[in-house]
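At position 37 of the sequence shown the residue is numbered 22 (our numbering), and the sequence of numbers has no breaks. All C-beta atoms, glycine included, are put in the ideal place defined by N, C-alpha and C.
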Amino acid sequence: MRFSPAQQRYNRRALWLSIAYMALLLPAVYLLSRHMVGGPAAYVIGVAPALPICGLFWAMGLYLVEESDEYLRMMQTRALLVATAIALTATTIWGFLEGFELVPHLPAYIWSVVWIGGLGIGAGTCRITARRSA
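The structure is reproduced here in C-alpha coordinates:
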(Lines of atoms letter the chains of each structure in order from A and count residues from 1; the text may use other names and numbers.)
(Lines give C-alpha, C1' and ligand atoms only; values in the text may rest on other atoms or scores of the structure.)
Protein backbone atom coordinates (compact mmCIF):
# COMPACT_ATOMS: atom_id res chain seq x y z
CA MET A 1 0.00 0.00 0.00
CA ARG A 2 1.34 3.39 -0.97
CA PHE A 3 1.24 6.24 1.48
CA SER A 4 -0.65 9.37 0.57
CA PRO A 5 1.43 12.57 0.27
CA ALA A 6 0.03 13.73 3.64
CA GLN A 7 1.02 10.41 5.25
CA GLN A 8 4.51 10.72 3.79
CA ARG A 9 4.88 14.21 5.27
CA TYR A 10 3.53 13.00 8.63
CA ASN A 11 5.92 10.03 8.66
CA ARG A 12 8.86 12.32 7.87
CA ARG A 13 7.86 14.75 10.64
CA ALA A 14 7.32 11.92 13.12
CA LEU A 15 10.72 10.42 12.30
CA TRP A 16 12.55 13.71 12.82
CA LEU A 17 10.63 14.47 16.01
CA SER A 18 11.43 11.00 17.34
CA ILE A 19 15.12 11.50 16.59
CA ALA A 20 14.99 14.90 18.31
CA TYR A 21 13.28 13.30 21.32
CA MET A 22 16.04 10.74 21.77
CA ALA A 23 18.75 13.33 21.14
CA LEU A 24 17.30 15.52 23.90
CA LEU A 25 16.21 12.81 26.33
CA LEU A 26 19.52 11.01 26.72
CA PRO A 27 21.58 14.06 27.73
CA ALA A 28 18.75 15.35 29.92
CA VAL A 29 18.60 12.09 31.86
CA TYR A 30 22.38 11.98 32.15
CA LEU A 31 22.80 15.59 33.27
CA LEU A 32 19.80 15.86 35.59
CA SER A 33 20.08 12.44 37.24
CA ARG A 34 23.67 13.30 38.19
CA HIS A 35 22.73 16.83 39.35
CA MET A 36 25.24 18.31 36.93
CA VAL A 37 22.95 21.23 36.08
CA GLY A 38 20.90 23.44 38.35
CA GLY A 39 18.79 26.57 38.38
CA PRO A 40 16.97 27.79 35.27
CA ALA A 41 19.17 25.67 32.98
CA ALA A 42 17.85 22.53 34.68
CA TYR A 43 14.29 23.55 33.82
CA VAL A 44 15.24 24.21 30.20
CA ILE A 45 16.98 20.83 29.95
CA GLY A 46 14.10 19.13 31.77
CA VAL A 47 11.49 20.53 29.37
CA ALA A 48 13.52 19.96 26.20
CA PRO A 49 12.61 16.26 25.69
CA ALA A 50 8.91 17.09 26.08
CA LEU A 51 8.93 19.49 23.13
CA PRO A 52 9.33 16.84 20.38
CA ILE A 53 6.49 14.84 21.99
CA CYS A 54 4.33 17.98 21.83
CA GLY A 55 5.50 18.28 18.23
CA LEU A 56 4.14 14.79 17.54
CA PHE A 57 0.71 15.90 18.75
CA TRP A 58 0.95 18.92 16.43
CA ALA A 59 2.07 16.69 13.53
CA MET A 60 -0.94 14.42 14.02
CA GLY A 61 -3.30 17.37 13.91
CA LEU A 62 -1.52 18.76 10.87
CA TYR A 63 -1.88 15.39 9.16
CA LEU A 64 -5.66 15.56 9.63
CA VAL A 65 -5.71 19.02 8.08
CA GLU A 66 -3.48 18.04 5.14
CA GLU A 67 -5.05 14.64 4.32
CA SER A 68 -7.30 15.05 1.29
CA ASP A 69 -8.58 11.45 1.33
CA GLU A 70 -11.71 11.50 3.50
CA TYR A 71 -11.52 7.79 4.29
CA LEU A 72 -7.89 7.99 5.51
CA ARG A 73 -8.73 11.10 7.54
CA MET A 74 -11.72 9.30 9.13
CA MET A 75 -9.59 6.25 9.99
CA GLN A 76 -6.94 8.42 11.66
CA THR A 77 -9.61 10.35 13.54
CA ARG A 78 -11.06 7.08 14.84
CA ALA A 79 -7.61 5.93 15.97
CA LEU A 80 -7.09 9.27 17.74
CA LEU A 81 -10.46 8.91 19.49
CA VAL A 82 -9.64 5.38 20.64
CA ALA A 83 -6.25 6.56 21.94
CA THR A 84 -7.88 9.46 23.76
CA ALA A 85 -10.52 7.21 25.32
CA ILE A 86 -7.85 4.75 26.51
CA ALA A 87 -5.62 7.47 27.96
CA LEU A 88 -8.45 9.36 29.68
CA THR A 89 -9.92 6.15 31.09
CA ALA A 90 -6.51 5.05 32.38
CA THR A 91 -5.74 8.44 33.95
CA THR A 92 -9.14 8.60 35.61
CA ILE A 93 -8.94 5.11 37.09
CA TRP A 94 -5.30 5.51 38.15
CA GLY A 95 -6.06 8.95 39.61
CA PHE A 96 -8.78 7.57 41.84
CA LEU A 97 -6.64 4.62 42.94
CA GLU A 98 -3.72 6.95 43.59
CA GLY A 99 -5.98 9.34 45.52
CA PHE A 100 -7.03 6.46 47.77
CA GLU A 101 -3.35 5.51 48.14
CA LEU A 102 -3.89 2.09 46.59
CA VAL A 103 -1.29 2.47 43.82
CA PRO A 104 1.98 4.41 43.61
CA HIS A 105 2.32 7.81 42.02
CA LEU A 106 3.28 7.82 38.36
CA PRO A 107 5.00 10.70 36.58
CA ALA A 108 2.49 12.63 34.47
CA TYR A 109 4.35 12.09 31.19
CA ILE A 110 3.43 8.41 31.31
CA TRP A 111 -0.07 9.30 30.11
CA SER A 112 1.20 10.62 26.79
CA VAL A 113 3.00 7.29 26.39
CA VAL A 114 -0.30 5.50 27.12
CA TRP A 115 -2.01 7.74 24.56
CA ILE A 116 0.59 7.00 21.88
CA GLY A 117 0.23 3.27 22.63
CA GLY A 118 -3.51 3.74 22.30
CA LEU A 119 -2.92 5.01 18.76
CA GLY A 120 -1.60 1.58 17.87
CA ILE A 121 -4.64 -0.08 19.41
CA GLY A 122 -6.89 2.40 17.62
CA ALA A 123 -5.21 1.77 14.27
CA GLY A 124 -5.54 -1.98 14.76
CA THR A 125 -9.19 -1.62 15.70
CA CYS A 126 -9.82 0.47 12.57
CA ARG A 127 -8.15 -2.12 10.34
CA ILE A 128 -10.18 -4.97 11.84
CA THR A 129 -13.40 -2.97 11.48
CA ALA A 130 -12.56 -2.05 7.87
CA ARG A 131 -11.87 -5.68 6.95
CA ARG A 132 -15.14 -6.87 8.46
CA SER A 133 -17.16 -4.29 6.56
CA ALA A 134 -15.44 -4.96 3.22
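Item to complete: State the start and end residues of the unbroken alpha helix (DSSP H) segment that holds Glu83.
Response: 55 to 84
Fill in: Nearest to Phe(-12) (by Cα), restricted to the options Asp54, Met7, Ala26, Gly24
Asp54
Practice prompt. Would you grab the beta carbon distance between Ala26 and Ala13 for me? Rounded to a whole angstrom, and I think it's under 8 angstroms.
Written response: That belief does not hold up - the Cβ atoms of Ala26 and Ala13 are roughly 11 angstroms apart, past 8 angstroms.
Practice prompt. Report yes if the CB atom of Ile71 is closer than 8 angstroms to the CB atom of Ile101, and no otherwise.
Written response: no
Worksheet item: Whole-angstrom Cβ separation of Ile38 and Ser97, contact assumed at under 8 angstroms?
Response: 6 angstroms
Item to complete: Kindly confirm or deny that the region 38 to 52 and the region -9 to 6 touch, where touching means at least three C-beta pairs closer than 8 angstroms.
Response: yes
Worksheet entry | Val22 - DSSP class collapsed to helix/strand/coil | coil
Worksheet item: When the distance is taken between beta carbons, is Arg(-2) closer than 8 angstroms to Glu51?
Response: no
Worksheet item: Looking at Leu49 and Arg63, is the spacing between their C-beta atoms short of 8 angstroms?
Response: no
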